[in-house]
Each structure stands twice: as structure tokens, then as C-alpha cells.
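Protein chains: 2
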Amino acid sequence: VSATALVAIDWGTSAARAYRLDAEGCVQDRRAVPLGIRHVRDARFEPALAKLLGDWHADPVPRIACGMIGSRQGWVEAPYVDCPASLTALADRVVHAPQDALTIVPGVATRDAAGIPDVMRGEETQLLGAVGPDERGVLAILPGTHSKWARVEHGRIVDFTTFMTGELYGLLIEHSMLGRLAGHEPGRFSRDAFSRGAARGLDEGELSHDLFGARTLALTGGLRSEDVADWLSGLLIGREIRAARAWALRAGIDPSSARVIGADALVERYELALADAGILASHGRGDAAARGLWRIAARAGIVAASVEA
Amino acid sequence: VSATALVAIDWGTSAARAYRLDAEGCVQDRRAVPLGIRHVRDARFEPALAKLLGDWHADPVPRIACGMIGSRQGWVEAPYVDCPASLTALADRVVHAPQDALTIVPGVATRDAAGIPDVMRGEETQLLGAVGPDERGVLAILPGTHSKWARVEHGRIVDFTTFMTGELYGLLIEHSMLGRLAGHEPGRFSRDAFSRGAARGLDEGELSHDLFGARTLALTGGLRSEDVADWLSGLLIGREIRAARAWALRAGIDPSSARVIGADALVERYELALADAGILASHGRGDAAARGLWRIAARAGIVAASVEA
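Line by line, the protein sequences are chains A and B.
Start counting the first sequence at 1; every next residue gets the next number (the working numbering).
Start counting the second sequence at 1001; every next residue gets the next number (the working numbering).
Right, here's the structure in full:
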């Protein structure tokens, strides 16, 4: 077994994922702990880090983290870097926890067409891990609670935009009148209901009207109660794709193909809806955060990397 | 005191409002009870009606009701009447509870541009109460959990559309990350924050992106936490107005003026946002449901009305 060169942590609000990387930046080992920053009381981050790392904690290798750990509620605030944000700019603006226990990567900020700020923390690192510094121009998607779409080019995040797709889906299923309609069948997925919802989402319309369709279709026999959740998922993802495509076109980004980053069932749903929208989807590699942290650490001189893998 | 000619009930999911009307259809007395159909167990509607009416129950006058009491979960199902739905069509399609304890008004259904059904129960009666049978053409708004916009003309509902504005607002404030940001100050209203949100809502954009602005603005000092709720309210109402105006234009309805029906603080918010959108707003009369029930009862011959007030 080769020696560990870097401990890399994606430290979010509710969970943390840590990786041990070897001298080539390859993942040797990984662990996930439900120890997000909101579980850390009275700013006791040092013991939280020890708990998170377990027996890795004794290893005297450099450590780097991205995510909410660098927010105002985190250990040390790492102010946002504005778009276009390069690997070098992020590496130049890392901050350090006391006793250099941890190097922390800043988040990235932009403004939308109306001048309203948009922000990410953690996703910038995943984006720069999933898109190589030599790649020319990639439209990258990070599906999730707050989905991000970004243009990544030659190791920099040119611009990005956020959609609260996952959070809205959760709210609707758990707390709304539509959620009460939805029959629960764990593990079941209706491709047909999802696709019908996605078609509605990809079409012109206003979300607060279109959502009501789940109720009226269920009421009039056009949608089975066990398909309501998949229809809503399709509607929300379809609407996100429609709006993101318009955003890309306004920004001069080619929306005919996109790279979806992640490793779960959600990515498959995006791939289905992107196909419905006529967008060629590719699947980004796993462990994008670990790869991005490695690249930033190398650029910052924290690890000696002859080749940025 | 003149004699009671009709007992009229707006019987919804969570609450019921009952009115005693005199021979001219004027409200003599009213009562509101938290005895919506979801509080009625085992279909025991007869005792629920007795409880709702209290000492009015002994009065041997005709009774009529609109709302969810006519749904599949109600006392007797009154199938939807399709748009355009006239006062006469509604009166012709009333159904009767056992022993003629209650006459029940049907709901109204339509289909949107994509062919998806839209429905209302109770609002059809309010619309026909708030717009006189002699009026030529009114764009009417019923703000609420599920806001309705309708074209009402010569005593018929030509078409309508629904927005889940109030339900989304409640979900966001009570259960979302944005709600956790929002400082709570009962009774306070920030006209400025509401108007800024409404401006964003009236502009082009996708809701699931625009909502995220509440977070980024709060994070970057552009919005005080105690103003987050009003900004979100403005955004949602603004977006509803934008989409409803587009709906009206597609349907050949003049959207330059609108009548807002209701009697609470929500109506004031709609009037502010409509003014921001350049739409001339008027305030519909109160007790629209009682007036509508009177008109339907008269048309159905349940009360003898020489003049339909």
C-alpha cells in the first residue's frame, strides 16, 4: 500500500465525506459521517475533525476541505471568489484553520441577469474535479437539493446558476397537499409518469400552476396516486432543464450536451429528462470532490504533484 | 327583523361559513365554524350540519352549500360542470343530500393549454357572487392557498386557471431553508421588500432559481432576515400575476384591469403587486359566497326571487 499524501474532506451542512489520497491523487480509502457543520456545537470543530477522521487523524499529512466548513457558520470563513473563478484563484484564496489543522477552499459567487447574487460552496470543487483543466468547455450539472449548472472551461468556472429543485421536491412530497395525494411505494419508479411530468416541465408554463396538475390529474383518473411523486419529480427536473438551457443560451454556452456529476439514482433521472429535452448527457466521474480537492491542493502547493491527474 | 329565506353555506376542507339571508338575499347573520369536511368522521354529515347551524337548524327554510361538501370526500358528489359554466348550468346540476337536508352546488372544471384539467369547488360560487349577471366581462382574482383567476361574463365562468401561490408560500416559510432564514415579526409588513420581490416575480425567470435569491440576498446583506418572508410573498404573487396575464392574453381576455375578491390583508398585497404590474385593481364585495349561493338558489327555484340582487 502506497503512503497517503493528502486527506481531502467534502464538509457540508449535514454530512462530511473524507478521502485518503495517494501521491498520484488516487482515492485509497473513504469514509462518510453524519457530522455536518450544523451538528457541531459551540464551534468545536477541532474535536469534530478528530471524530470525523478517526484513526486517520494521527497521520501527519496535509488536510484540505471544501463546503460549508468555509462559510460564516463554519470553522474559518473563506470569502467567495467571483466568477470566472479559476483553480489558481481558489488555490490562492484558501484559508487555514488554527494550527494549520485544515486548509479550507473558498466558495464561488456570481450574479444572475437581474443582478441577484448566486453562490456555491463545495460544488466549485466538484466541478473542477469533474472537468479536467485541459478540457475546452463543458456544461456541467450537479443535481441535488440546490442543483447547479455551470460552464467550466480550462480549469475555471466561467459562470453558474442554481435551482432549488431537490428542496422543492422534498417540501411538496413531505408537507404539501400533493404529497398527501402521493401513494408511497419505496423503490418503485414509473418511467412513464416521470416522462409525462418532464414533458410538462420542458414546455412553457408557470410552476405554481403546473404543479396543481398533479392534483387534477390524480382527481380525474389521469395519474395513479403511486405515480404522483415521479410525475412531480419529472416536472421539477424538466422545468430546471428548460430554464438552464435558456440561461446557457443567453450566456453564449452551447446547451446541446451536458455532463451530469454524481453517482446516484438522481443522475439517472436527469439523464432521462435530458434525453427527452434532446440534450446529449454524459456521466461525470465519481469522487469529483476528492479529485477537485487534489487539484486545488496541488495548485496551492500543499501537495507536490508532478502531474495534475 | 324580516324572516330568513335561505341558509347558505360555504363548506370547505378545513372550515365552514354559514349565512342567513332574507327575502332580498341580504345577509342577516353569519357564523364560521372550524368544521370542514376533513373534520367529519365516517361521513356523519347530518350531525355536522346540525352542529354547524346551531339554533338555525330548527328553521324550516331551504339550505344550499358550495365547496368541498360536493366533492368525492363530501356528503354527496356533485360532478364538475365544464367551462363555460353559467349560473343556469350550475343551478341545473345541483345535487341533494338525503331528506333534502341540503342542496349542493357543483364545482367547475376546465383544461389548460396543455390539456391538463383544472378544477374549482366553492370559488365558482364566489365568482358568480362577486360579478353581477349583467356585467360584461371581468377578470376576477380569488387569492389564496390555490389562487384562481377567471374570466366572468354575463353570469358565466368562461375560463379559469389556478396557482398554488399560498400553499407554496406556506411550505417555504414553515419548512424550507428559506423559512429558517426568515426572522419572524408578527404584524410587520415591509412594502419595500414585498415590492422588490414582486419586481423579480414580474420579470422573466424560473421560480426554483428566483426563490434562491432570498438566501443569497440575505447572505450578502441585500435583504434583512425580517424582510425575507415579504420578499418571498412578493416574488410568488408577482410570478402569479405575470403568468396569469400571459394566460389572459392567450385567451383573448383584457388584462388591463382586474377585480380582487376577498376581505383580508392578502387582497391588499395583490392590489400592491397589481399596481406594480400596471394592472388597475378593484376590490370585489365581501360575502361573495353568500351572494353567489343566493343567485344559484334563485336560478334553481329554491327561493322565490323576483329580483336577482
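A virtual CB, placed ideally from N, CA and C, is assigned to each residue, including glycine.
Residue i classed as buried or exposed, judged by whether at least 16 other C-beta atoms fall within 10 angstroms
{"i": "H1146 of chain B", "result": "buried"}
{"i": "E1167 of chain B", "result": "buried"}
{"i": "A309 of chain A", "result": "Legend: pLDDT at A309 of chain A = 47, less than 50; position of this residue unreliable, no value from coordinates given."}
{"i": "H57 of chain A", "result": "exposed"}
{"i": "L1249 of chain B", "result": "exposed"}
{"i": "S86 of chain A", "result": "buried"}
{"i": "S2 of chain A", "result": "exposed"}
{"i": "P1060 of chain B", "result": "exposed"}
{"i": "S1282 of chain B", "result": "exposed"}
{"i": "P1034 of chain B", "result": "exposed"}
{"i": "G179 of chain A", "result": "buried"}
{"i": "R245 of chain A", "result": "buried"}
{"i": "D1029 of chain B", "result": "exposed"}
{"i": "G183 of chain A", "result": "exposed"}
{"i": "G205 of chain A", "result": "buried"}
{"i": "D112 of chain A", "result": "buried"}
Alpha carbon of residue i to alpha carbon of residue j, nearest angstrom
{"i": "M1177 of chain B", "j": "T162 of chain A", "result": "14 Å"}
{"i": "G25 of chain A", "j": "K51 of chain A", "result": "24 Å"}
{"i": "G1054 of chain B", "j": "A1016 of chain B", "result": "13 Å"}
{"i": "L1090 of chain B", "j": "A1023 of chain B", "result": "21 Å"}
{"i": "A1265 of chain B", "j": "D1210 of chain B", "result": "24 Å"}
{"i": "L1142 of chain B", "j": "G1036 of chain B", "result": "19 Å"}
{"i": "G74 of chain A", "j": "V94 of chain A", "result": "14 Å"}
{"i": "A109 of chain A", "j": "G1292 of chain B", "result": "53 Å"}
{"i": "I64 of chain A", "j": "L223 of chain A", "result": "48 Å"}
{"i": "H175 of chain A", "j": "G1301 of chain B", "result": "43 Å"}
{"i": "I1104 of chain B", "j": "D1092 of chain B", "result": "11 Å"}
{"i": "R1044 of chain B", "j": "L1006 of chain B", "result": "23 Å"}
{"i": "E77 of chain A", "j": "P98 of chain A", "result": "12 Å"}
{"i": "L219 of chain A", "j": "Y1169 of chain B", "result": "23 Å"}
{"i": "A18 of chain A", "j": "E240 of chain A", "result": "30 Å"}
{"i": "V81 of chain A", "j": "P255 of chain A", "result": "25 Å"}
{"i": "E1267 of chain B", "j": "I1261 of chain B", "result": "According to the sequence shown, residue 1267 of chain B is Val rather than Glu. When rounded, the distance between both Cα atoms is 7 Å."}
{"i": "R38 of chain A", "j": "E1271 of chain B", "result": "41 Å"}
{"i": "I1132 of chain B", "j": "D1276 of chain B", "result": "According to the sequence displayed, residue 1132 of chain B carries Gly and not Ile. Each residue's alpha carbon lies about 27 Å from the other."}
{"i": "A1199 of chain B", "j": "W1231 of chain B", "result": "10 Å"}
{"i": "I1296 of chain B", "j": "P1186 of chain B", "result": "39 Å"}
{"i": "G1221 of chain B", "j": "G221 of chain A", "result": "48 Å"}
{"i": "W1149 of chain B", "j": "F1160 of chain B", "result": "5 Å"}
Cβ-Cβ distance between residue i and residue j below 8 Å
{"i": "P106 of chain A", "j": "V303 of chain A", "result": "no"}
{"i": "R1188 of chain B", "j": "S1233 of chain B", "result": "no"}
{"i": "G1155 of chain B", "j": "C1066 of chain B", "result": "no"}
{"i": "G1238 of chain B", "j": "G1197 of chain B", "result": "yes"}
{"i": "R1242 of chain B", "j": "G1201 of chain B", "result": "yes"}
{"i": "M1120 of chain B", "j": "F212 of chain A", "result": "no"}
{"i": "T1125 of chain B", "j": "A1263 of chain B", "result": "no"}
{"i": "P117 of chain A", "j": "L1236 of chain B", "result": "no"}
{"i": "P79 of chain A", "j": "V158 of chain A", "result": "no"}
{"i": "A1140 of chain B", "j": "L1181 of chain B", "result": "no"}
{"i": "V1040 of chain B", "j": "A1048 of chain B", "result": "yes"}
{"i": "A1251 of chain B", "j": "L1274 of chain B", "result": "no"}
{"i": "G1137 of chain B", "j": "E1153 of chain B", "result": "yes"}
{"i": "W1294 of chain B", "j": "L1102 of chain B", "result": "no"}
{"i": "I1253 of chain B", "j": "R1151 of chain B", "result": "yes"}
{"i": "S208 of chain A", "j": "L1172 of chain B", "result": "no"}
{"i": "R299 of chain A", "j": "T4 of chain A", "result": "no"}
{"i": "D1287 of chain B", "j": "A114 of chain A", "result": "no"}
heavy atom of the ligand GTP below 7 Å from residue i C-beta
{"i": "V260 of chain A", "result": "By its list of ligands, the structure shown contains no ligand whatsoever, and the ligand GTP lies outside what it can speak to."}
For this session: Taking a Cβ distance cut-off of 8 Å, strictly less, list which residues of the stretch 1165-1190 of chain B are near chain A, in chain order.
Result: For the stretch 1165-1190 of chain B, the set of residues with a beta-carbon nearer than 8 Å to any beta-carbon of chain A comprises T1165, E1167, L1168, L1171, L1172, E1174, H1175, S1176, M1177, in chain order.
Exercise. Would you call the stretch 1002-1011 of chain B and the stretch 1051-1071 of chain B in contact, with 3 or more CB pairs under 8 Å?
Worked result: Between the stretch 1002-1011 of chain B and the stretch 1051-1071 of chain B, the count of C-beta pairs closer than 8 Å reaches three or more; the two stretches touch.
Exercise. Taking one C-beta from the stretch 1185-1204 of chain B and one from the stretch 1227-1237 of chain B each time, how about it: are there three or more such pairs within less than 8 Å?
Worked result: With the rule of 3 Cβ pairs closer than 8 Å, the stretch 1185-1204 of chain B counts as touching the stretch 1227-1237 of chain B.
Problem set entry | Residues of the stretch 1142-1155 of chain B whose Cβ lies closer than 7 Å to any Cβ of chain A, in chain order | Within the stretch 1142-1155 of chain B, the residues whose Cβ lies closer than 7 Å to some Cβ of chain A are H1146, listed in chain order.
Exercise. Between the stretch 89-108 of chain A and chain B, which residues of the former have CB atoms less than 7 Å from a CB of the latter, in chain order?
Worked result: Closer than 7 Å at the C-beta level to chain B, one finds no residue of the stretch 89-108 of chain A.
For this session: Give, in chain order, every residue of the stretch 198-231 of chain A whose Cβ lies closer than 9 Å to some Cβ of chain B.
Result: So the list reads A199, R200, D203, E204, G205, E206, L207, S208, H209, D210, L211, F212, G213, R215, T216, L217, L219, T220, G222, given in the order they occur along the chain.
For this session: Using a Cβ-Cβ cut-off of less than 8 Å, list which residues of the stretch 261-279 of chain A approach chain B; keep chain order.
Result: Here the close residues number zero.
Exercise. Between the stretch 230-261 of chain A and chain B, which residues of the former have a C-beta closer than 9 Å to a C-beta of the latter?
Worked result: Within the stretch 230-261 of chain A, the qualifying residues are L236, R239, E240, R242, A243, A244, A246, W247.
Exercise. Going along the stretch 115-129 of chain A in order, which residues come within less than 9 Å of chain B, judged by CB to CB distance?
Worked result: Taking a C-beta cut-off of 9 Å against chain B, the contacting residues of the stretch 115-129 of chain A are I116, P117, D118, V119, listed in chain order.
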